[in-house]
Structures are given as structure tokens and as C-alpha cells.
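> Sharing a structure, written as C-alpha cells. Questions coming.
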Amino acid sequence: MAVHYDPEFVPTVVEELRQLAKLEKNWDQYGAPPINPEVIRAAEQFVKILPPNLVFRPRIVPLSSGNLQFEWREGEKLLEFEFESPTTVHYLLWDPPSKVEDEGTFRVSNVKAAVENIRWFTSGILTS
Amino acid sequence: VSDESPTPADSAVHRGPVVDDTEELLRALTHRSWYDADTKRISSAAFGFPQFSVDIASIAGSTEATLQQFKPGTGLTRINCGRTKQIGCAVHQERDDRNPDNKAHAHVYVPGKSSHRKRLAQQILSIATLIVEPNFPQDDEEVPSPS
């Protein structure tokens with residue numbers, strides 16, 4: 026199984042999430058609200074319950090809705106986990122060359138669903 | 516409101532004039548995290564749901580005129596109005612509440628339901644052309660650059 030050894034995964038991602046709490050109203054210059062602190066906390070809890078060494082660190086992107094998303098990309102292949110509420114992740118699996126264009130939701134606490142999506146992303150792109 | 520409620524793109528309430536298919540639309544990349552300089556990729560976060568603001572290029576007059584509304588370092592991307600409509604979006608010239616003097620302002624209304632919105636964002640991304648790469652000053656660092 027593919028792994029990505031990264032003992033700093035959790036502390037680094039958590040720190041980046043905490044930086045999002047510093048974004049003030051209109052941070053996107055289009056009038057966005059601050060990032061929802063409950064969503065930030067949910068994302069922190071989410072990364073802490075993921076199995077270790079599963080994948081490289083995501084890009085952490087604030088959204089104009091006041092939510093945030095994790096993005097993993099390798100070439101045309103894309104995985105997005107949008108924390109659309111403190112309890113729900115809206116995911117996107119996107120790989121047009123392989124005709125994969127899937128999206129849906131799972132509960133933030135659903136580690137199995139998160140891991141399945143991440144393993145879809147890492148399949149074929151990470152080596153042990 | 517149900518998560519599956521139709522977006523404003525499905526209704527026809529109190530909309531401004533429809534923007535012509537031939538117009539080009541300018542969307543600012545207003546946050547450093549919305550563009551990955553390493554991969555040269557724009558994030559779907561740049562195209563909000565259920566609507567996002569653009570400038571109509573022919574009315575704005577120049578990319579500089581649009582960028583002047585934003586902080587130094589803001590990037591810019593262009594999408595064709597007709598192709599945006601082919602995806603299913605509605606495009607209407609409407610007041611810019613952020614900048615009421617901006618006569619070039621329009622809203623792009625993203626169609627469909629919440630359960631399809633991330634795929635639609637990717638379709639919009641697929642027709643977007645980067646014309647000014649974001650280059651925010653280092654001292655404008657509100658959020659660390661993503662890993």
C-alpha cells in the first residue's frame with residue numbers, strides 16, 4: 026500500500042488551519058465573512074483522526090462562504106474535501122482522463138469514507 | 516433552506532440585463548491561496564457558489580481598470596460569457612454593492628443543485644484563462660502559503 030511518511034503532517038496542517046482564524050471580514054476582497062471557527066475546529070479534529078502517513082499535506086484553501094477546503098492535486102487528478110459545515114465534508118474526486126467526476130458528502134467523523142477517498146487519490150501516484 | 520434547493524440560476528427574479536455571449540468576463544483572484552504558483556493551477560475556491568462577481572471586459576476597458584479595484588498583487592482570470600452559459604450559468608449585469616461606481620460588474624449564477632456544484636466549478640475552471648498571475652507582497656501574508 027502506498028504511504029507518504031510525514032510525521033509533521035498533523036501539526037503543520039493544524040497550524041495552517043489556525044492561521045485561517047486570523048482572516049478578517051472581506052479577506053477575499055469580495056465581502057467574505059471570517060472563516061467559521063467551528064469549521065476550523067472540525068477540520069482540526071478531522072486531520073487528527075486520520076491514519077498516519079496516508080498522503081502528503083493538502084493545500085488548505087479558505088472559501089468565500091466562510092468554510093474551507095483541503096485540496097490534493099497530482100497532474101490532472103484532484104481530490105477536494107470541503108468542510109461545508111462543522112459536521113459535513115463535501116468531497117470531489119476529479120480525474121477526467123480516467124472519466125472520474127464524482128462528488129458527494131460524508132460526516133466529518135466518518136474516517137472510513139475519508140480514507141477511501143484519499144486512497145483513490147493516492148492510488149498510482151505514491152510509492153512506498 | 517434545503518441543501519438541494521435550486522440556486523438563483525434556476526429562477527428569474529429581479530435580474531439585471533443578460534450579458535451577451537460574445538463578452539469576456541474578468542474574475543479577480545483575490546487571495547493568495549486561490550492560485551498555486553507551483554502547478555499554475557487556479558483553485559475552484561475562486562468561483563463561489565451559488566454566484567460570483569465578474570467584470571465585463573468591454574465595459575471595464577482594461578485589465579488594469581479591473582485590478583485597480585483590488586489590492587496590489589491580485590490576479591485575474593478570463594472566461595467567455597457564451598461558454599459560461601453553455602455550462603448552464605446565467606450572467607447578468609448588476610450593481611456592484613462593493614463598488615457601486617463599477618458599471619462593468621456582473622454576477623455569474625451557477626446552476627443546479629448543491630450536489631453538483633463542485634463538478635460545475637471544475638467545468639468553469641476548465642474554460643478559465645489566467646491573464647494576470649497573482650503576486651501578493653510578502654508583507655500581505657495573512658495566511659501561510661499552503662504546503
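Line order of the protein sequences matches chains A and B. Convert by adding 25 to the 1-based position in the first sequence; the result is the number in the working numbering. Convert by adding 515 to the 1-based position in the second sequence; the result is the number in the working numbering. Yeah, the Cβ is synthetic: ideal placement off N, Cα and C, and Gly gets one too. On a predicted model such as this, the values are computed, not experimentally measured, just so you know.
Please work out which residues of its chain come closer than 8 Å, Cβ to Cβ, to Pro-76/A, disregarding the five sequence neighbours upstream and downstream, and give them in chain order.
Within the same chain, and ignoring the five residues on either side of Pro-76/A in sequence, the residues whose Cβ sits closer than 8 Å to its Cβ are Val-136, Val-140.
> DSSP has Gln-608/B in a bridge; who is on the other side?
Ala-621/B
> With three or more C-beta pairs closer than 8 Å as the rule, is the segment 144-151 of chain A touching the segment 85-104 of chain A?
yes
> Could you tell me the distance, in whole angstroms, from the CA atom of Leu-540/B to the CA atom of Pro-121/A?
Taking the straight line from one Cα to the other gives about 25 Å.
> Rank Asp-611/B, Gln-584/B, Ala-572/B, Gly-588/B by C-alpha distance to the C-alpha of Asp-536/B and give the top, closest one.
Ala-572/B
> How many angstroms separate the CA atom of Ile-85/A from the CA atom of Leu-544/B?
16 Å
> In terms of residue numbering, what span does the beta strand (DSSP E) encompassing Ala-46/A cover?
No beta strand (DSSP E) contains Ala-46/A, which DSSP labels as neither H nor E.
> Counting only C-beta atoms, is His-620/B closer than 9 Å to chain A at any point?
no
> Can you give me the start and stop residues for the alpha helix (DSSP H) that Arg-66/A sits inside?
62-74
> Can you tell me the Cα-Cα spacing of Pro-626/B and Gly-603/B, whole angstroms?
6 Å
> Looking at Val-39/A: is its Cβ nearer than 9 Å to the Cβ of Val-72/A?
yes
> What's the gap between the Cα of Gln-601/B and the Cα of Lys-633/B?
Near 17 Å, if we compare the C-alpha coordinates of Lys-633/B and Gln-601/B.
> Let me know the secondary structure DSSP gives Val-80/A once reduced to three states.
coil
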